[in-house]
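Here's the structure, in structure tokens; my notes come after.
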Amino acid sequence: MADIKLSILDGSEQTMPTGIPVSEALKALCSNKIRKKTLAVKTQEEGLLDLTAVLDKDTVLEPVTIDSPQGLEILRHSAAHIMAHAVLDIFGSDVQVTIGPAIADGFYYDFDKKEPFSSDDFEKIESRMQEIIAANLPFIRTEISKAAAISLFKDMGQTYKVELLDSIDAETVSIYEEGGFVDLCRGPHLPHTGWVKAFKLIKVAGAYWRGDENNTMLQRIYGTAFADAKDLRRHLNLLEEAKKRDHRRLGKELELFTISDQVGPGLILWQPKGALIRKLIEDFWKAEHYRHDYELLYTPQIAKRDLWKTSGHLDFYVEDMFSPVEVDEVSYQIKPMNCPFHIAIYNSRKRSYREFPLRWCELGTVYRYERTGALHGLMRVRGFTQDDAHIFTLPEQLEQEIFNILDLNMNILKTFGFKEYEVYLSTRPEKSVGSDENWHRATEALKLALKNKGMNFEIDPGEGVFYGPKIDIKIKDVLGRSWQCSTIQVDFNLPERFGISYTGEDGGDHQPIMIHRALMGSLERFFGVLIEHYAGAFPLWLAPVQARILNISDSQLEYSDQVYVKLRKAGVRTEKDLRNEKLNYKIRQAQLSKIPYMLIIGDKEVETHTLTVRLRDGKNLPAMPVEEFIDLIRQDGRIPEIN
Ligand SMILES: [Zn+2]
Ligand SMILES: [Zn+2]
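Right, dumping it as structure tokens:
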């Protein structure tokens, strides 16, 4: 037998016989410690391989260990097989299996089953899974012809698998088997089922076969799995915490926003308390933009449909738009974006290079079509207000402008308490417009601005928009979850389509560069993130109610009213709870409403003209005169200064 050269990435090379399994090669190539954690390997040419795969050419192996993200993904995908195995064991021929991938926080498997799964079923499935795991069953890979696979799954009565196979364009396919359960799969998988040390089924939800509403509705069971029971516990705690913070639940409890069937799905109704928070956000946003030399615009909700032809939206974006309306026999379109309006303002007169850059911002409300099934509280909606801006710059101003945007962006996000980010720079995709030179220059300008701002970023190759490169920023909330918020996009396309120009220093006509950017993304979504980030307990500067007055008995009614009037006049956002209820009950209710300050008034306070101040975390401050409390609120209720 001929020999082949094998090595570990960044390790020494060894000669071994052709046909050696990966697991044997690893014994010679890496330490026991690494080998015990390794469940698959990554190779340059073949991608991921199982430990049982045989090697027949020179290969560099990169161990995939159980404590790596890729290792965890393989473990979770294997857990999906184990779950499908358990479901088939329990429900037999009543069930059709479809697909079961690993996802961000776990895995799922979609089943076609007449009766819905119940929570009792979960216990049964979990205990069968536990048996399969305890049996340490090996995952065995076999390559067979597509025809053989089709007849195999036909014999098992698994028609979805047959449909999947029909759509695969290959001579041979791979199947995986453990303990008699066979699944069509590319792999790789764990060496055996015992590697799954901890798992839990989370929930069941409906999902259409292949995501198509015209297909059968399947039942999707979500689960999660880990290599360590501690990690599972931590994850379940996080889910529990996330549930408590769910913005839909808190939005209802705290009366921040509502959605009405009568009004329409995906359309947000801001209740008084939510509306007040929105006003505070908008005031802050406008003041910051003013400080950063922006000008504010307002534009209409609809425009002639032809505008969207010129902008290209009718060609590329029509599926995301609402249907047009007729006015005076002219077709109008409710706006999905603000950009063409800002361009129309640009075109209202001749522009000179001397007035550049133009920085125009708008809290612009747009409407986009989303499938009903995709709508989700404030996070996925049909009508939303972007914190939009368009900047028209000279080419040589681009880098400085991007830097300025990043500066403003960071100020705004930090003020709301977000300190960790993931930053991505997306470069030219295959299908795109604009010259190589422009793309190169713009991409370099984005890079340099990020570097000068001292921001770490990752490059997302080919993920730019067709009209230019972009920067995307995801913020991390207190639970460590990432939310896509800010986007900064360079655009060579719209200036071209609308033929906008300025008079340059040379007296000739030139085309400006346009930047689109939204920092919070949309007010609706950002509000949703804020609710979950703060768990509804907004910092004092954003709290819709800063203080609530609680009297102990009716003998303090008059003084309580006087204090209320004084505080309102001083601009303190105050409520009063003067009901004839026990103080403890009123305190409890104020705490549930997450009100920062409870002002308790008894006979002693009336006598001494003071207040006893209780904080929402249960601490008490010494009694103080009303004026002193007003000073305290003015001090603590200021918008945090960042730079
Ligand atoms: Zn699989
Ligand atoms: Zn735009």
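Residues in the sequence shown are numbered consecutively from 757, following the numbering used here. All residues carry an ideal CB built from backbone N, CA and C; glycine is no exception.
Report, in whole angstroms, the separation of the C-beta atoms of MET772 and ALA784, which I expect to be a contact under 8 angstroms. 7 angstroms
Could you check where the beta strand (DSSP E) with TYR864 kicks off and where it finishes? 862-869
Residue range of the alpha helix (DSSP H) that MET912 falls in? 902-912
Out of curiosity, what's the CA-to-CA distance linking VAL1189 and SER1016? 42 angstroms
In three-state terms, what does DSSP make of ILE1101? helix
Based on Cα-Cα distance, which residue from ALA1291, VAL1362, GLY1393 and ALA905 lies nearest to GLU700? There is no way to answer for residue 700, as the model of the chain reaches only from 757 to 1399.
Starting from the N-terminal side, write out each stretch of the beta strand (DSSP E) that is 3 residues or longer and does not extend beyond the region 1005-1088. 1058-1060 and 1081-1083
Which residues in the same chain as ILE1099 place their Cβ atom closer than 7 angstroms to its Cβ, once the five residues preceding and following it in sequence are excluded? So the qualifying residues of the chain are LEU1250, PHE1254 and ILE1256.
What span of residues does the beta strand (DSSP E) with ASN1307 cover, start to end? 1303-1307
Cβ-Cβ distance between TRP1116 and GLU1044 below 8 angstroms: Pairing TRP1116 with GLU1044 gives a Cβ-Cβ distance that is not under 8 angstroms.
By Cβ distance, which residues of its chain are closer than 8 angstroms to LYS1008, with the 5 residues on each side in sequence left out? THR1014
Name, in chain order, the residues that DSSP records as bridge partners for ILE1161. Per DSSP, none; premise fails for ILE1161.
Flag ASP1071 as yes when its Cβ comes closer than 7 angstroms to any non-hydrogen atom of ligand 1, and as no otherwise. no
Buried versus exposed call for TYR916 [16 or more other C-beta atoms within 10 Å across all chains shown]: So TYR916 counts as buried.
Through-space distance from HIS1289 to LYS999, alpha-carbon basis: In this model, LYS999 and HIS1289 are separated by some 12 angstroms (Cα to Cα).
Quick one, which of ARG1184, PHE1213 and MET1211 has its alpha-carbon nearest THR1199's? Comparing Cα-Cα distances from THR1199 to each of ARG1184, PHE1213 and MET1211, the minimum goes to ARG1184.
Starting from TYR1177, follow the beta strand (DSSP E) in both directions and report where the run begins and ends. Start and end: 1177-1182.
Alpha-carbon to alpha-carbon, GLN852 and HIS991: 30 angstroms
Helix, strand or coil, according to DSSP, for CYS711 in the structure here? Nothing can be reported for residue 711: it is not among the residues displayed for the chain, which extend from 757 to 1399.
To the nearest angstrom, how far is the alpha carbon of TYR1177 from that of LYS1232? 6 angstroms
Using the Cβ count rule (16 or more neighbours within 10 Å means buried), how would you classify ASP1143? buried
Closer than 7 angstroms: is that where the CB of ASP939 sits relative to any heavy atom of ligand 1? yes
Relative to the C-alpha of LYS1230, which residue among LYS1042, PHE1294, ARG1281 and ASP1192 is closest? ARG1281
Quick check: what's the CA-CA separation for ILE838 versus THR949? 8 angstroms
For GLY1133, count neighbouring C-beta atoms within 10 Å of its own C-beta (all shown protein chains included) and say buried if the count is 16 or more, exposed if not. With at least 16 other beta carbons inside 10 angstroms of its own, GLY1133 counts as buried.
Taking the straight line between their C-alpha atoms, what separation do you get for LEU1334 and SER1316? Their backbone Cα atoms lie some 8 angstroms apart in a straight line.
Continuous beta strand (DSSP E) assignments of at least 3 residues falling wholly in the region 787-839: 794-799, 803-806 and 815-821
Looking only at its chain, what residues have a beta carbon closer than 8 angstroms to the beta carbon of THR972, apart from the 5 residues adjacent to it on each side? ASP868, TYR964 and TRP965
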